[in-house]
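Asker:
In this note's numbering, the protein residues as written are 18 to 497.
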């Protein structure tokens, strides 16, 4: 039972709970304390918390400028005008935190006082192993007491997924208009069902991915793509794309030389497995999780079912399924289904799995020289996801790598391969594309390759063949 006591200091009455008093009671043996000691205890605690917050905020120091990502920044600015909670989700190290700091810089440049911002990084171990909503409240109160109590603050909660009941605290803050709230997390289940329902229409989510190819060019100080110069700058863009194909788009890793980048990517991968899966779900078998991850990474783009994972790795079906769900939850892996008009059949069908970034593939799984085509297919999948497409694959007598659904129908069919020069490969890719075109009543299809660029007509259907790098730089290319 919680019993409140009253501590009197001069003319000031303060209510405190029994659990705070107990340490003092054990020393003094009565339900009273030396008032000066008690307030020294409370003050010291707040001073420590303020020190932690001060390390992460820019109240009295310049706001750094990180690599700009205009598409995300524009979306954040647009969402801010609605007054809703802004949620940034995505894999670790994709740049969520730097987007928030860039947003702080943008707002300060537009007249907002730096002391109107409260940034909290919940990866900081000084905030404890099990932070909760009470800590959030204490953080806000400390900010108001030490920094600014006069304004409605912009509250940034970074990597908030491990804070117990953070959703309720943010929801309450939103409803009471206590601040502008931004949250980031590296879990696809960042928004629980309860919170998502409660905040329906009150939050706006942004999925943050590693750098796209156009961003990669800017990051490397290469000229921005110009449609009128794609042909004359082909060698430049093609070389840059080949680097991007293996380096991936994690901002920090991209700036490193090959071996250091590989080590950085392995560290990202290990951190995801250890912190976002093993630690979060209190798993004891680290090796089994790694085996499932490696098996799936080694089968990118291949239709599979979990029975194959179970049999190959000698795990129970339930355990294989659970680990796969955890890997998807971290944004490391994604799955797509064979398209079917029946949802029940669709979910019962075989699936294909893809990885968030080719840099992880090249560091953990297979080499480009061994399977260049799978690297191409994976990077095309990520780009389709970046373009917010509804992605499936087609499998009948033949197979088509991707079919894109808009509204209630399939509107585009895409094959990906390294080259069509080999007759056998050309026949397989064209046959699969034609079957998809006919199945979904399309007029044409797209084949993405390493370097070929032409159009052809087969059985009355138009087939566009493009280099992948050019398709990346011309997002408005349509085959429908």
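All C-beta atoms in this analysis are idealised placements derived from N, C-alpha and C, irrespective of residue type, glycine included.
Rounded to whole angstroms, what's the CA-CA distance from residue 382 to residue 315? Just pull it up for me.
Answerer: Residue numbering aside, residue 382 sits at position 365 when the chain shown is read from its first letter. Residue numbering aside, residue 315 sits at position 298 when the chain shown is read from its first letter. Looking at the two C-alpha atoms, the distance is approximately 6 angstroms.
Asker: Mind the definition here: the region 142–150 touches the region 113–127 only if three or more C-beta pairs lie below 8 angstroms; say whether that holds.
Answerer: In short, these stretches do not touch, since the Cβ pair count stays below three.
Asker: Buried or exposed, going by whether 16 or more other CB atoms sit within 10 Å of the CB of residue 166?
Answerer: Numbered from 1 along the chain shown, position 149 holds the residue referred to as residue 166. Burial call: exposed.
Asker: Indicate the three-state DSSP secondary structure (helix, strand or coil) for residue 184 in the structure shown.
Answerer: The residue you call residue 184 lines up with position 167 of the chain shown. Reduced to three states, the DSSP call for residue 184 is helix.
Asker: Mind reading off the beta-carbon distance from residue 73 to residue 138? Whole number of angstroms is fine, and I expect it under 8 angstroms.
Answerer: Locating residue 73 in the chain shown gives position 56, where the first residue counts as 1. Locating residue 138 in the chain shown gives position 121, where the first residue counts as 1. 5 angstroms between Cβ atoms; contact.
Asker: Any contact of the region 187–199 with the region 221–232, i.e. 3+ C-beta pairs under 8 angstroms?
Answerer: The region 187–199 vs the region 221–232: no contact.
Asker: Near residue 326, which residues of its chain fall below 8 angstroms by C-beta distance, leaving aside the five closest residues on each side in sequence?
Answerer: For the purposes of this step, residue 326 is identified with residue 309 of the chain shown, where counting begins at 1. Excluding residues within five positions, the ones whose Cβ falls inside 8 angstroms are 309, 312, 313, 332, 337, 341.
Asker: At which residues does the beta strand (DSSP E) containing residue 484 begin and terminate?
Answerer: Looking up residue 484 in the chain shown gives position 467. 478–484 is the span of the beta strand (DSSP E), which, as asked, contains residue 484.
Asker: Are the CB atoms of residue 143 and residue 188 nearer to each other than 9 angstroms?
Answerer: Within the chain shown, numbered from 1, the residue matching residue 143 stands at position 126. Within the chain shown, numbered from 1, the residue matching residue 188 stands at position 171. Cβ atoms of residue 143 and residue 188: not closer than 9 angstroms.
Asker: Leaving out five residues before and five after residue 129 in sequence, what residues of the same chain have Cβ atoms less than 6 angstroms from its Cβ?
Answerer: For the purposes of this step, residue 129 is taken as residue 112 along the chain shown, with counting starting at 1. Here the set comprises nothing.
Asker: From residue 254 to residue 164, what distance separates their C-alpha atoms?
Answerer: Residue numbering aside, residue 254 sits at position 237 when the chain shown is read from its first letter. Residue numbering aside, residue 164 sits at position 147 when the chain shown is read from its first letter. About 49 angstroms.
Asker: Does residue 248 pass the burial test, meaning 16 or more other C-beta atoms within 10 Å, or should it be called exposed?
Answerer: On the chain shown, position 231 is the one that residue 248 refers to. Burial call: exposed.
Asker: Under the rule that 16 or more other beta-carbon atoms within 10 Å means buried, what is residue 322, buried or exposed?
Answerer: Working through the chain shown from its first residue, we reach residue 322 at position 305. Residue 322 should be labelled exposed.
Asker: Is there a Cβ of chain B sitting closer than 9 angstroms to that of residue 478, yes or no?
Answerer: Here chain B cannot be found, since the structure has a single protein chain.
Asker: Report yes if the CB atom of residue 397 is closer than 9 angstroms to the CB atom of residue 485, and no otherwise.
Answerer: Locating residue 397 in the chain shown gives position 380, where the first residue counts as 1. Locating residue 485 in the chain shown gives position 468, where the first residue counts as 1. Cβ atoms of residue 397 and residue 485: closer than 9 angstroms.
Asker: Express the C-alpha separation of residue 170 and residue 110 in angstroms, rounding to a whole number.
Answerer: The count along the chain shown starts at 1 and reaches residue 110 at position 93. The count along the chain shown starts at 1 and reaches residue 170 at position 153. One C-alpha to the other measures close to 26 angstroms.
Asker: Determine the extent of the alpha helix (DSSP H) in which residue 391 is found, giving its start and end residues.
Answerer: Within the chain shown, residue 391 is the residue found at index 374, counting from 1. Counting along the chain, the alpha helix (DSSP H) containing residue 391 begins and ends at 389–403.
Asker: Between the Cα of residue 465 and those of 117, 488, 202, spot the shortest distance and give me the residue it belongs to.
Answerer: If you number the chain shown from 1, residue 465 lands on position 448. Closest by alpha carbon: 488.
Asker: Roughly how many angstroms lie between the CA atoms of residue 135 and residue 112, to the nearest whole one?
Answerer: As a working note, residue 135 is residue 118 in the chain shown. As a working note, residue 112 is residue 95 in the chain shown. Distance between the alpha carbons of residue 135 and residue 112 is about 19 angstroms.
Asker: Flag this pair as yes or no: are the beta carbons of residue 207 and residue 106 separated by less than 9 angstroms?
Answerer: Looking up residue 207 in the chain shown gives position 190. Looking up residue 106 in the chain shown gives position 89. Yes. Within cutoff.
Asker: Since residue 370 is in the beta strand (DSSP E), which residue starts that stretch and which ends it?
Answerer: Here residue 370 is taken as the residue at index 353 of the chain shown, counted from 1. 368–372 is the extent of the beta strand (DSSP E) around residue 370.
Asker: Within 10 angstroms of its Cβ, does residue 282 collect 16 or more other Cβ (buried), or is it exposed?
Answerer: Against the chain shown, residue 282 aligns to sequence position 265. By the 10 Å Cβ count, residue 282 comes out buried.
Asker: Thinking C-beta only, is residue 306 closer than 9 angstroms to residue 221?
Answerer: For this step, residue 221 is matched to residue 204 along the chain shown. For this step, residue 306 is matched to residue 289 along the chain shown. In this structure, residue 306 does not lie closer than 9 angstroms to residue 221 by Cβ.
Asker: Can you tell me which residues form a DSSP beta bridge with residue 377?
Answerer: Here residue 377 refers to the residue found at position 360 when the chain shown is read from its first residue. Answer is none; residue 377 lacks a bridge partner.
Asker: Could you check the C-alpha separation between residue 98 and residue 117 for me, to the nearest Å?
Answerer: Stepping through the chain shown from its first residue, residue 98 is reached at position 81. Stepping through the chain shown from its first residue, residue 117 is reached at position 100. Going by the C-alpha atoms only, they are around 16 angstroms apart.
Asker: Quick one: is residue 234 buried, meaning 16 or more other Cβ sit within 10 Å of its Cβ, or exposed?
Answerer: On the chain shown, residue 234 is found 217 positions in, with the first residue counted as 1. Looking at its Cβ environment, which holds 16 or more other Cβ atoms inside 10 Å, residue 234 is buried.
Asker: Sorted by chain position, which residues of the same chain lie with C-beta nearer than 6 angstroms to residue 480's C-beta, five sequence neighbours on each side aside?
Answerer: If you number the chain shown from 1, residue 480 lands on position 463. Excluding residues within five positions, the ones whose Cβ falls inside 6 angstroms are 462, 473.
Asker: Between the C-alpha atoms of residue 449 and residue 294, what's the straight-line distance to the nearest angstrom?
Answerer: For the purposes of this step, residue 449 is taken as the residue at position 432 of the chain shown. For the purposes of this step, residue 294 is taken as the residue at position 277 of the chain shown. Each residue's alpha carbon lies about 38 angstroms from the other.
Asker: Provide the residue span of the beta strand (DSSP E) that contains residue 432, from first to last.
Answerer: Counting from one through the chain shown, the residue named residue 432 turns up at place 415. Counting along the chain, the beta strand (DSSP E) containing residue 432 begins and ends at 426–433.
Asker: Residues in the same chain with beta-carbon distance under 8 angstroms from residue 174, minus the five sequence neighbours each way, listed in chain order, please.
Answerer: As a position in the chain shown, residue 174 is number 157, starting the count at 1. Answer for residue 174: 137, 139, 153, 180, 183, 187, 198, 199, 200, 201, listed in chain order.
Asker: Short check: CB of residue 226 to CB of residue 402, under 9 angstroms?
Answerer: Within the chain shown, numbered from 1, the residue matching residue 226 stands at position 209. Within the chain shown, numbered from 1, the residue matching residue 402 stands at position 385. Yes; because the gap between Cβ atoms is below 9 angstroms, this pair is in contact.
Asker: Our contact map puts residue 459 next to residue 242 with C-beta atoms below 8 angstroms; I'd like the distance itself, whole angstroms only.
Answerer: Counting from one through the chain shown, the residue named residue 459 turns up at place 442. Counting from one through the chain shown, the residue named residue 242 turns up at place 225. Not confirmed; about 28 angstroms, so no contact.
Asker: Apply the 10 Å Cβ neighbour rule to residue 88 and answer buried if 16 or more other Cβ atoms are within range, or exposed otherwise.
Answerer: One-based indexing of the chain shown puts residue 88 at position 71. Exposed, since its Cβ has fewer than 16 Cβ neighbours within 10 Å.
Asker: To the nearest whole angstrom, what separates the beta carbons of residue 76 and residue 161, a pair I think is in contact under 8 angstroms?
Answerer: Here residue 76 corresponds to residue number 59 of the chain shown, with the count starting at 1. Here residue 161 corresponds to residue number 144 of the chain shown, with the count starting at 1. About 13 angstroms separates the two Cβ atoms, so there is no contact after all.
Asker: Look up residue 241 in the DSSP assignment and say whether it is helix, strand or coil.
Answerer: Numbered from its first residue, the chain shown carries residue 241 at position 224. Residue state, collapsed to three classes: coil.
Asker: Applying the 10 Å Cβ sphere with the 16-neighbour rule, what's the burial state of residue 358?
Answerer: As a working mapping, residue 358 is identified with position 341 in the chain shown. Residue 358 comes out exposed.
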